[in-house]
Every structure is written in C-alpha cells, then in structure tokens.
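Q: Sharing a structure with you now.
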Amino acid sequence: MSALPLKALPIDQLRQRSSTKWRTHDADVLPLFVAETDFPLAPAISAVLARAVELGDTGYTPPQPGIREAYTAFAQRRFGWTVDPDRIRTTCDVMMGVVEVLRQVIKPGDRVITNPPVYPPFDMCIVEAGGVVDRVPLIDNGTGWELDLAGIEASFAAGARSILLCNPHNPTGTVHSRESLAALAEIAERFGATVVSDEIHSPSTQPGVTFTPFISASDAAARVGYVITSASKAFNLAGLKCALIITASDGPTQIVADLPPEVEWRTGLFGALAAVAAFAPESDEWLDSLLAALDENRRLLGELLEEHLPGARYRMPDAGFLAWVDLSALGWGDDPAERILTEAKVAFNQGPNFGPEGNGHVRINFGCSPEVLREAVERAGALLAK
Ligand SMILES: Cc1ncc(COP(=O)(O)O)c(C=O)c1O
C-alpha cells in the first residue's frame with residue numbers, strides 16, 4: 041500500500057469553506073462533528089470538477105455517466121467483490137436511496153429494525169418512508185460491537201418487515217463479519233423480510249480489516265438485500281449528491297428498476313463526475329494515503345484521551361473517521377458534548393442523538409489534522425481542572 045502523507049488543509053483555509061462543518065459554529069469553535077473531512081480533494085476529482093466548471097458543464101446527469109463501470113472495477117479491486125454493472129442504479133444521496141427503497145419494501149406502519157447507537161437520520165428516514173422504528177441495540181461483547189441476532193430474530197418474528205443495517209456502522213466503526221451478515225440474511229429470509237444496508241463508510245475500511253458487502257455475504261443475502269453506498273464519505277463529496285443502489289438478485293433488482301425515474305434523475309452531475317473519478321484506479325493512491333492518515337489519527341486519539349480525558353472509554357474504529365467515546369465516567373451527565381461545546385469551544389456530536397445508548401457519549405470526527413485533534417482533546421480535557 042502506498043502511504044504518501046496526506047495532510048489536512050490549514051485551519052485558516054478550512055475556515056473559508058462554506059459547508060456545514062465550517063458555518064454552523066462561531067470561529068472560536070473547533071468543529072469535529074458533522075461527517076466532513078479536512079483533506080484536499082483527490083487530484084482526479086479536482087481535475088474533473090475544474091474542467092466541468094470551465095465548460096459550464098452544469099446540466100443534468102446523463103443516463104450512463106460511467107459510474108457502473110467505475111464502481112464495478114473499484115469493488116473488485118478494493119473488496120474482491122464482483123458486482124453486476126446492470127444491477128447498479130444511482131440517486132442523489134444515500135439517505136434518499138434508503139427512503140426510496142424502504143418505500144418499496146414496506147407498507148405504511150410496518151416496523152423497520154435499527155441497531156442503535158446509530159446515525160440519527162436513520163429514524164427520520166424510516167418515518168419518511170412510512171415505517172415505524174423498531175430498535176434492537178448493538179451488543180457490546182467486551183471487545184467490540186455486534187448485531188443482536190437473537191433480538192433481531194425476535195423482532196422479525198413479531199412482525200418487523202425490514203432492517204436498516206449500517207455496515208460499517210456509524211458511530212462505532214464496526215465492520216460486520218461475513219458470518220453475522222450471513223446469519224442475518226438467513227433470519228430475514230425466513231421471515232420474508234428485507235435488509236437495506238447503508239455501506240457509505242465502506243471505502244474507508246482500514247487495511248487488514250475485511251469488509252463484506254451485505255449482498256455478497258451469502259446467496260440468501262443476495263436474495264433479500266439492497267446495498268446503498270457512495271464515494272461521498274471517504275472522498276468528502278457530500279455536497280455533490282450521488283449515491284449507488286446495488287442489488288445482486290432478480291427480485292431486488294426489479295424493485296430498484298421499478299423506482300420512479302425521478303429517483304435516478306436526482307443524481308447530481310458533479311456528484312457523478314466526482315464518483316467516477318473517485319472510484320477510478322488513479323484515485324487509489326489518494327485513498328490509501330487517506331487511510332494511513334486516518335489510521336494515525338485513530339491511534340493518536342487513543343493516546344490523547346488517555347492523557348487528557350482519563351476515564352474516557354474508546355475503541356478504535358475499523359473503518360471511517362468517526363470515533364465513539366464514552367465519557368460517562370467523567371460525571372458530565374448524559375450529554376457531555378453540550379458542556380464541551382459551551383465551555384471548551386469544541387463541537388463533537390451529542391451522544392444521546394444516537395439513541396439512549398449514547399447517553400454519556402460523544403462522537404468525534406477525526407478526519408482532521410493531528411494538530412486539530414490534539415487541540416480539541418486538550419481543550420476538552422482542560423475542563424477537568426475546572
Ligand atoms: C451511515 C451514514 N449514512 C448516510 C450518511 C449521509 O449520506 P448522504 O449524504 O449520502 O445521504 C452518513 C453521513 O455521515 C452516514 O454516516
């Protein structure tokens with residue numbers, strides 16, 4: 041693996057950005073909350089976007105922008121996963137893909153399982169699709185988190201019709217094992233239910249960790265599953281609007297083919313251009329460098345917490361740039377991020393937003409420079425002396 045150093049942009053440049061991360065809080069706040077990263081774009085992405093701006097190429101996305109071919113090759117190279125290009129469609133973003141697929145596979149009022157603590161918009165998307173959230177929390181097995189397969193089975197037995205899986209999981213960074221995914225598929229199939237798998241963080245799975253796309257976990261998984269993914273997290277393209285919906289057997293493929301044409305029309309042209317460039321082999325080196333930078337930061341975070349916030353409980357994530365940190369031992373109440381924001385001027389995500397399992401927790405975005413990460417933890421740690 042190449043590990044050319046990838047450095048985050050200097051903070052004065054970042055503060056000129058106009059995205060949510062940089063425009064939500066005052067300039068004295070260090071933002072380590074929303075899932076945007078602070079690195080320069082991969083060169084191939086900058087080039088394709090600059091050319092589009094030069095040409096005024098800002099119209100609608102064509103029917104075949106090249107994403108199918110680019111993603112199929114990427115999935116083969118990075119995950120050893122063979123995807124049928126004819127079973128890929130696009131839409132504007134992952135959560136919209138989730139809503140549109142759920143609308144097809146559930147009826148209004150049906151229950152959809154989530155595994156909290158989990159990315160807060162999951163609940164809203166289930167409700168938007170007409171469903172009712174059915175919470176089956178992840179199990180903390182002492183060394184990591186895993187799906188509560190018995191709890192999920194009980195929920196399906198009691199009538200839940202689908203599960204909205206997060207793989208890799210936000211906020212814990214858990215990459216679910218092939219065995220647990222295959223077991224989930226078997227259970228879902230037995231109850232005639234479906235599995236909608238949000239795999240947006242998969243491109244940033246760390247080397248040495250095996251990411252299993254849900255629909256590749258077993259034949260049953262291919263029959264019951266839908267994968268929704270994007271280049272947008274690893275490559276920081278959330279504002280450009282492009283996500284992929286992928287299936288692996290005829291039933292789900294037909295359901296996706298029957299989605300209203302508008303679902304695909306909502307794909308942003310800049311998102312499509314950037315995704316093709318992100319998934320191209322020429323961006324592999326940048327992605328490897330990103331993973332190396334994130335690997336350093338996830339280790340550094342452990343050291344910083346030990347030094348400045350003793351009592352914090354943290355497990356290094358296997359994917360992504362988000363860390364789930366339990367601060368309950370510090371006695372800062374259910375929502376430590378609130379105090380850290382007001383008194384230390386550091387914005388972490390508030391744990392309780394991820395479900396009651398998140399009480400006492402914060403989510404830290406370490407997709408930044410080591411310097412920013414250090415300052416953020418030092419500022420929070422200084423509260424202990426107060
Ligand atoms: C697990 C997960 N799914 C979806 C999203 C949002 O994706 P999109 O902007 O493509 O809807 C995020 C953003 O952080 C995420 O972490």
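In the working numbering, the protein residues as written are 41 to 426.
Beta carbons: idealized from backbone N, C-alpha and C, even for Gly.
Buried or exposed, going by whether 16 or more other CB atoms sit within 10 Å of the CB of residue 210?
A: buried
Q: Shortest alpha-carbon distance to residue 256 belongs to which of 276, 221 and 247?
A: 221
Q: Quickly, what does DSSP pair residue 297 with across the bridge? List them, please.
A: Under DSSP, no beta-bridge partner is assigned to residue 297.
Q: Rounded to the nearest angstrom, how far is the Cβ of residue 358 from that of residue 208, given a contact under 8 Å?
A: 7 Å
Q: Taking its Cβ as the centre, do 16 or more other Cβ atoms sit within 10 Å of residue 83, making it buried, or is it exposed?
A: Residue 83 is exposed by the Cβ-count criterion.
Q: What three-state label does DSSP hand residue 131 in the structure shown?
A: strand
Q: Pick out whichever of 167, 273, 212 and 310 has its Cα sitting closest to the Cα of residue 94.
A: 310
Q: Would the beta-carbon of residue 61 be found less than 7 Å away from any heavy atom of ligand 1?
A: no
Q: State buried or exposed for residue 424, treating a residue as buried only when at least 16 other CB atoms are found within 10 Å of its CB.
A: exposed
Q: Would you list the residues sitting across from residue 363 in a DSSP beta bridge?
A: 404
Q: Suppose the cutoff is 6 Å on Cβ atoms and the five residues either side in sequence are ignored; what does the same chain contact list for residue 249 look like?
A: 215 and 358
Q: Tell me, please, whether the CB atom of residue 167 is closer than 8 Å to any CB atom in chain B?
A: Checking the listed chains, one finds no chain B in this structure; it contains a single protein chain.
Q: Tell me the DSSP secondary structure of residue 390 in three-state form.
A: strand
Q: Rounded to a whole number of angstroms, what is the C-alpha to C-alpha distance between residue 176 and residue 135?
A: 20 Å
Q: Buried or exposed: which applies to residue 287, given that a residue is buried once 16 or more other Cβ atoms fall within 10 Å of its Cβ?
A: buried
Q: Specify whether the segment 67-76 and the segment 383-392 touch according to this definition: at least 3 beta carbon pairs, one from each stretch, less than 8 Å apart.
A: A contact between stretches requires three or more CB pairs, one per stretch, nearer than 8 Å, and the segment 67-76 meets this requirement with the segment 383-392.
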